[in-house]
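Peer 1: One structure follows; several queries about it will come next.
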Amino acid sequence: MTGTINSLLVVVLLVNLFMLGASRMRALIHAAASQGVILSFMPLLLAARLDWIAVVVAGVTIGLKGLIIPRILHKALRDAKIKREVEPLIGFLPTMLLGALGTVLSLVLAACLPVVGHPVSNLVIPVSLSTILTGFLLLTTRVKAITQVIGYLILENGIYIFGMLLLAAVPFLVELGILLDLFVGIFVVSIIIHHINQTFSSMDTRQLTALRE
Amino acid sequence: MLFVLILIPLLASGVALLMPSDRSRPWLLPPVAIAHLVLTLSAIDRNSEARLDGWLWLDPPGRLVLLLLSVLFVICAVYTTGYLRYRQDRSNRVFVACLLFFLAAGTLVAMAQHLGLMWIALELATLSMAPLIYFNRTPRSIEATWKYLMIGSVGIALALLGSFFMAYSAMGSGPPSLLFADLLARGATLNHTWVRMAFVLLLVGYGTKMGLAPMHTWKPDAYGEAPGVVGALLAGGLTSCAFLALLRINHVCCSAGQQEFTSHLMIWMGLLSMAVAAIFTLGQKDIKRMLAYSSVEHMGILMLGAGIGGIALFGALLHMLNNGLTKGMLFLSAGNIHRSYQSKSTDDVRGAMRRLPLSGTIFMLGFLAITGSPPFGPFVSEFTILTGGLQYHWYWISALFLLLLLVVFVGMGRTVLTVVQGRPLPGRPASAYRDHLLTGLPLVISLGLVLMMGTHIPAPLADMVHRAATFLEVHP
Chain E
1 MTGTINSLLV VVLLVNLFML GASRMRALIH AAASQGVILS FMPLLLAARL DWIAVVVAGV
61 TIGLKGLIIP RILHKALRDA KIKREVEPLI GFLPTMLLGA LGTVLSLVLA ACLPVVGHPV
121 SNLVIPVSLS TILTGFLLLT TRVKAITQVI GYLILENGIY IFGMLLLAAV PFLVELGILL
181 DLFVGIFVVS IIIHHINQTF SSMDTRQLTA LRE
Chain U
1 MLFVLILIPL LASGVALLMP SDRSRPWLLP PVAIAHLVLT LSAIDRNSEA RLDGWLWLDP
61 PGRLVLLLLS VLFVICAVYT TGYLRYRQDR SNRVFVACLL FFLAAGTLVA MAQHLGLMWI
121 ALELATLSMA PLIYFNRTPR SIEATWKYLM IGSVGIALAL LGSFFMAYSA MGSGPPSLLF
181 ADLLARGATL NHTWVRMAFV LLLVGYGTKM GLAPMHTWKP DAYGEAPGVV GALLAGGLTS
241 CAFLALLRIN HVCCSAGQQE FTSHLMIWMG LLSMAVAAIF TLGQKDIKRM LAYSSVEHMG
301 ILMLGAGIGG IALFGALLHM LNNGLTKGML FLSAGNIHRS YQSKSTDDVR GAMRRLPLSG
361 TIFMLGFLAI TGSPPFGPFV SEFTILTGGL QYHWYWISAL FLLLLLVVFV GMGRTVLTVV
421 QGRPLPGRPA SAYRDHLLTG LPLVISLGLV LMMGTHIPAP LADMVHRAAT FLEVHP
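First to last, the protein sequences are chains E and U. Note that my numbering gives residue 47 to position 47 of the first sequence, counting from 1, and the numbers run on in steps of one. Note that my numbering gives residue 323 to position 323 of the second sequence, counting from 1, and the numbers run on in steps of one.
Structure (structure tokens):
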């Protein structure tokens with residue numbers, strides 16, 4: 001079991017690096033969606049025995065992260081009728097290198113932290129931290145509004161990975177609540193993106209500079 | 001009882017979405033607000049029991065926040081009915097529904113005893129405010145909403161990570177739990193490293209929501225572009241909910257023996273917020289942005305008081321009520337001034353006391369109240385925090401506190417006096433708006449409450465604040 005979990009976590013790490021180097025918006029959305037889907041299978045692998053609530057929650061997560069949210073993002077992209085390229089503030093190679101560096105640092109940091117209880121896998125904490133860092137990198141170094149939303153999704157995925165350690169403490173109700181918040185958040189943001197696009201004729205967040213001291 | 005308190009505004013929010021008429025929809029707000037207040041008063045009166053396996057319980061600090069939220073909402077509900085009469089140019093369906101949904105989410109924060117549930121409720125309250133900030137549909141309000149959503153979401157994501165860290169820290173002594181009661185009971189066995197990391201993340205996360213420096217950058221934009229009534233609810237309601245979250249988390253950390261670590265962080269964070277606010281209020285021309293920086297300052301004061309603890313914590317809880325009520329008064333009167341002058345910059349707005357005798361006067365009195373002049377409420381609570389600082393030998397901190405209060409007084413004073421004194425400038429755009437019963441009465445009510453808090457705090461209320469402070473106090 002731990003073997004499967006570990007290999008899935010390594011796949012998640014690779015997806016992180018891929019996303020930092022992705023230059024096409026479509027590829028980025030697909031990668032984020034597949035990362036979300038991979039992650040939503042993990043609680044099923046970890047559960048001692050399968051009960052239907054766990055299956056329902058996993059199903060909802062897959063539906064949301066794998067289908068609905070990517071669809072909202074694709075629609076926003078289509079409506080915007082803009083260039084399909086990701087516009088970075090820092091080049092793709094430097095961000096990939098930063099991401100790799102972040103992963104190494106996460107491994108070192110996680111090794112320094114005290115282990116509490118009996119974690120399922122030693123990789124959970126470093127992969128979680130590294131995914132969170134990837135999310136932050138995408139949020140801060142890409143200028144288009146949609147890419148920043150994807151960054152936020154990755155950030156949330158990283159937190160979700162940490163949640164694996166606490167399956168007993170985070171009841172399904174709370175998990176569904178967190179998903180609901182994520183969905184509403186993305187929904188509201190996509191409306192705002194639509195309006196940004198209409199008002200400023202672009203999704204470039206660098207244009208949002210009217211308000212400052 | 002607890003369920004009813006959440007369900008009433010929630011159902012009303014659904015009704016608001018279904019109601020066809022823009023004219024009659026705002027009139028849904030005052031009855032719902034008053035029903036909520038009546039229920040709140042009776043829920044506070046009798047000691048409510050825990051519901052849903054201890055997930056919902058109105059703890060003593062939660063009662064204070066719920067009372068503040070409910071009173072502030074009544075004031076804002078009456079004002080909104082008046083305000084929306086001037087905004088018949090657009091549909092208010094989403095506006096009214098989101099206001100009611102915000103009340104339901106805020107009520108849930110006040111009674112959530114589970115870190116995850118509290119997080120969900122606070123995030124829902126945040127999201128429900130986004131369409132309200134965006135009500136004016138101008139490019140500037142889009143920008144403000146975007147910043148509010150992105151900065152707020154990242155902050156709240158960090159808070160979720162912090163909540164998970166907190167649960168993980170308890171895994172050494174049994175199954176992980178996110179219930180405050182469990183975490184408090186197992187305080188001594190929590191892993192110190194993880195508790196500290198959890199506290200830092202939660203402080204940054206919920207601190208973003210409160211608008212503590214340096215995570216305050218969304219605040220002037222959002223408060224500046226939102227309608228006045230939304231500013232009042234954000235500055236008095238949402239920030240108080242986030243403060244409540246931090247108080248509960250600090251309580252757990254203190255029970256894990258981390259009092260020294262958390263109190264230092266909170267005190268310095270508080271002072272930094274006050275300092276940043278002081279710098280940006282000096283020479284601030286935009287009255288709503290000035291109020292936003294004043295809110296940053298007062299969040300700093302709350303953190304400072306909570307960090308010092310003891311009698312200063314009592315002062316901070318009292319100050320939370322005072323700040324909420326005074327901010328209501330200031331934002332609503334600033335909204336009236338903005339509407340009448342079609343501008344919120346001191347370049348255009350002069351002689352507000354002449355053109356709007358009521359709003360101008362209350363804006364002026366609100367300035368005196370918020371900067372801590374007697375006989376208003378904030379004077380009493382700021383004085384209590386100062387007493388705590390001196391009593392626990394934080395002399396330098398207390399001196400800095402006083403200095404920063406003085407700087408903010410000077411900075412705000414220049415802007416406010418320019419606005420209220422003199423004569424309206426000729427040849428500037430202006431609307432026909434003048435003081436009106438529905439947009440004036442809420443100002444008078446909040447002024448009365450702020451005066452009451454400064455001259456004579458009713459015994460039951462003082463008792464509530466005492467209980468909340470005692471509840472949060474940890475005796476190792």
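Using N, Cα and C, we set each Cβ at its ideal position, and we do this for glycine too. The structure presented is a predicted model; accordingly, all values stated were derived computationally and were not measured.
1) Less than 8 angstroms between the CB atoms is what I'm expecting for Val-252 (chain U) and Phe-180 (chain U), so what's the real figure, rounded?
2) Please report the distance separating the alpha-carbon of Met-464 (chain U) from that of Gly-305 (chain U).
3) Alpha carbon to alpha carbon, how far is Glu-143 (chain U) from Phe-135 (chain U)?
4) Looking at chain U, is there any beta carbon in it that lies within less than 7 angstroms of the beta carbon of Pro-126 (chain E)?
5) Residues in its own chain within less than 8 angstroms of Arg-93 (chain U) by CB, not counting five upstream and five downstream?
6) For Phe-200 (chain E), which residues of its own chain have a beta-carbon under 6 angstroms away from its beta-carbon, when the five flanking residues on both sides are left out?
7) Determine which residues of the stretch 108 to 140 of chain U have a Cβ less than 8 angstroms from any Cβ of chain E, and write them out in chain order.
8) Which of helix, strand or coil does DSSP assign to Pro-9 (chain U)?
9) Check the Cβ-Cβ distances between His-226 (chain E) and every residue of chain U, and say whether any is below 7 angstroms.
10) To which residues of the same chain is Met-215 (chain U) closer than 8 angstroms at the C-beta, ignoring the five residues directly before and after it?
11) With a 10 Å radius around its C-beta and 16 neighbouring C-beta atoms as the bar for buried, classify Val-127 (chain E) as buried or exposed.
12) Just curious, the alpha helix (DSSP H) that Glu-49 (chain U) is in, first and last residue?
13) What three-state label does DSSP hand Asp-435 (chain U) in the structure shown?
14) For chain U, find out if any of its Cβ atoms is closer than 7 angstroms to the Cβ of Gly-36 (chain E); answer yes or no.
15) Less than 7 angstroms between C-beta atoms, sequence neighbours within five positions excluded: which residues of the same chain meet that for Gly-162 (chain U)?
16) How would you list, in chain order, the residues of chain U whose beta-carbon sits under 9 angstroms from the beta-carbon of Leu-89 (chain E)?
17) Could one say the Cβ of Phe-164 (chain U) lies closer than 7 angstroms to chain E's Cβ atoms, at least one of them?
18) Return the Cβ separation of Val-296 (chain U) and Lys-219 (chain U) in integer angstroms, given the expectation that the two are a contact with Cβ distance under 8 angstroms.
19) In or out: Pro-114 (chain E) buried (at least 16 other Cβ within 10 Å) or exposed?
20) Could you name the residues of the same chain whose beta carbon sits closer than 7 angstroms to that of Leu-165 (chain E), not counting the 5 residues immediately before and after it, in chain order?
21) Report the residue ranges of all alpha helix (DSSP H) runs contained in full by the stretch 350 to 430 of chain U; include only those spanning at least 4 residues, in chain order.
22) Could you say if the stretch 115 to 132 of chain U and the stretch 272 to 280 of chain U meet the contact criterion of at least three C-beta pairs nearer than 8 angstroms?
23) So which residues on chain U does Phe-162 (chain E) lean against when the C-beta distance must stay under 7 angstroms?
24) For a contact defined as C-beta to C-beta under 7 angstroms, what are the partners of Gly-172 (chain U) on chain E?
25) Which runs of the alpha helix (DSSP H), 4 residues or longer, sit entirely within the stretch 270 to 345 of chain U?
26) Taking only beta carbons into account, state which residues of the stretch 145 to 160 of chain U come closer than 9 angstroms to chain E, listed in chain order.
27) Under 7 angstroms, Cβ to Cβ, is there at least one residue of chain U near Asp-204 (chain E)?
28) How long is the line joining the alpha carbons of Asn-16 (chain E) and Leu-77 (chain E), rounded to whole angstroms?
29) Using a Cβ-Cβ distance under 7 angstroms, would Ala-76 (chain E) count as near chain U?
30) Along chain U, which residues have their Cβ under 7 angstroms away from the Cβ of Thr-199 (chain E)?
31) Write down the C-beta distance between Gln-61 (chain U) and Ala-468 (chain U) rounded to the nearest angstrom, noting that I regard them as a contact closer than 8 angstroms.
32) Would you say Ile-295 (chain U) lies against chain E (beta-carbon separation less than 7 angstroms)?
33) Using 7 angstroms as the limit for Cβ to Cβ distance, is Leu-182 (chain E) near chain U?
34) Starting from Ala-111 (chain E) and walking both ways along the alpha helix (DSSP H), at which residues does that stretch end?
35) Which ranges would you report for the alpha helix (DSSP H) in the stretch 2 to 44 of chain E if only whole runs of at least 4 residues count?
36) When the Cα of Pro-176 (chain U) is compared with those of E:Ile-178, E:Val-170, E:Val-174, E:Leu-176, which residue comes out closest?
Peer 2: Put simply:
1) Residue 252 (chain U) sits at position 252 when you count from the first residue of the second sequence. Residue 180 (chain U) sits at position 180 when you count from the first residue of the second sequence. Contact holds; Cβ gap of about 7 angstroms.
2) Within the second sequence, numbered from 1, the residue matching residue 464 (chain U) stands at position 464. Within the second sequence, numbered from 1, the residue matching residue 305 (chain U) stands at position 305. The alpha-carbon atoms of Met-464 (chain U) and Gly-305 (chain U) are separated by roughly 18 angstroms.
3) To locate residue 143 (chain U), count along the second sequence from 1; it is residue 143. To locate residue 135 (chain U), count along the second sequence from 1; it is residue 135. Taking the straight line joining both Cα atoms gives about 12 angstroms.
4) For the purposes of this step, residue 126 (chain E) is taken as the residue at position 126 of the first sequence. Pro-126 (chain E) does not count as touching chain U.
5) Numbered from 1 along the second sequence, position 93 holds the residue referred to as residue 93 (chain U). Correct list, in chain order: Ala-16, Leu-17, Met-19, Asp-22, Arg-25.
6) Here residue 200 (chain E) is taken as the residue at index 200 of the first sequence, counted from 1. Answer for Phe-200 (chain E): Gln-207, listed in chain order.
7) His-114, Gly-116, Leu-117, Trp-119, Ile-120, Glu-123, Leu-124, Leu-127, Ala-130, Pro-131, Tyr-134, Arg-137, Pro-139, Arg-140
8) The residue given as residue 9 (chain U) occupies position 9 in the second sequence. Pro-9 (chain U): helix per DSSP, three-state reduction.
9) Look at the range of chain E in this structure, 1 to 213, and you will see that residue 226 (chain E) is not part of it.
10) In the second sequence, residue 215 (chain U) corresponds to position 215, counting from 1. Taken in chain order, the residues that qualify are Ile-151, Gly-155, Val-204, Gly-207, Thr-208.
11) If you number the first sequence from 1, residue 127 (chain E) lands on position 127. Per the 10 Å Cβ criterion, buried.
12) In the second sequence, the residue the question calls residue 49 (chain U) occupies position 49. From DSSP, Glu-49 (chain U) is part of no alpha helix (DSSP H); its letter is neither H nor E.
13) Residue 435 (chain U) sits at position 435 when you count from the first residue of the second sequence. Three-state DSSP puts Asp-435 (chain U) in coil, outside helix and strand.
14) Within the first sequence, numbered from 1, the residue matching residue 36 (chain E) stands at position 36. It does not: the Cβ of Gly-36 (chain E) has no partner Cβ on chain U nearer than 7 angstroms.
15) Residue mapping note: residue 162 (chain U) aligns to position 162 of the second sequence, counting from 1. Only Ala-198, Leu-201, Leu-202, Gly-205 meet the Cβ criterion.
16) Against the first sequence, residue 89 (chain E) aligns to sequence position 89. Simply none; closest approach about 15 angstroms.
17) Here residue 164 (chain U) is taken as the residue at index 164 of the second sequence, counted from 1. Closer than 7 angstroms to some Cβ of chain E, the Cβ of Phe-164 (chain U) qualifies, so yes.
18) In the second sequence, the residue the question calls residue 296 (chain U) occupies position 296. In the second sequence, the residue the question calls residue 219 (chain U) occupies position 219. Correct: roughly 6 angstroms between the Cβ atoms.
19) One-based indexing of the first sequence puts residue 114 (chain E) at position 114. Exposed.
20) Counting from 1 along the first sequence, the entry for residue 165 (chain E) is found at position 165. Cβ within range, chain order: Pro-119, Val-124.
21) 352 to 355, 357 to 370, 377 to 391, 395 to 420
22) no
23) One-based indexing of the first sequence puts residue 162 (chain E) at position 162. Leu-161, Phe-164, listed in chain order.
24) Here residue 172 (chain U) refers to the residue found at position 172 of the second sequence. Here the neighbours are Val-116, Gly-117.
25) 287 to 308, 311 to 341
26) Thr-145, Trp-146, Lys-147, Leu-149, Met-150, Ser-153, Val-154, Ile-156, Ala-157, Leu-158, Leu-160
27) The residue labelled residue 204 (chain E) in the question sits at position 204 within the first sequence. So no, Asp-204 (chain E) is outside the interface.
28) Stepping through the first sequence from its first residue, residue 16 (chain E) is reached at position 16. Stepping through the first sequence from its first residue, residue 77 (chain E) is reached at position 77. About 21 angstroms.
29) Stepping through the first sequence from its first residue, residue 76 (chain E) is reached at position 76. So, not an interface residue.
30) Counted from its first residue, the first sequence places residue 199 (chain E) at position 199. Here the neighbours are Pro-139, Ile-142.
31) One-based indexing of the second sequence puts residue 61 (chain U) at position 61. One-based indexing of the second sequence puts residue 468 (chain U) at position 468. A small fix is needed here, since residue 61 (chain U) is Pro in this sequence, not Gln. Yes, they are in contact, since the Cβ atoms of Pro-61 (chain U) and Ala-468 (chain U) sit about 4 angstroms apart, within 8 angstroms.
32) To locate residue 295 (chain U), count along the second sequence from 1; it is residue 295. Correcting the residue type first, residue 295 (chain U) is Ser in the shown sequence and not Ile. No, no contact with chain E.
33) Here residue 182 (chain E) refers to the residue found at position 182 when the first sequence is read from its first residue. Closer than 7 angstroms: no.
34) Residue mapping note: residue 111 (chain E) aligns to position 111 of the first sequence, counting from 1. Element bounds for Ala-111 (chain E): 92 to 112.
35) 2 to 21
36) As a first step, residue 176 (chain U) must be located in the second sequence, where it is residue number 176. Closest by alpha carbon: E:Val-170.
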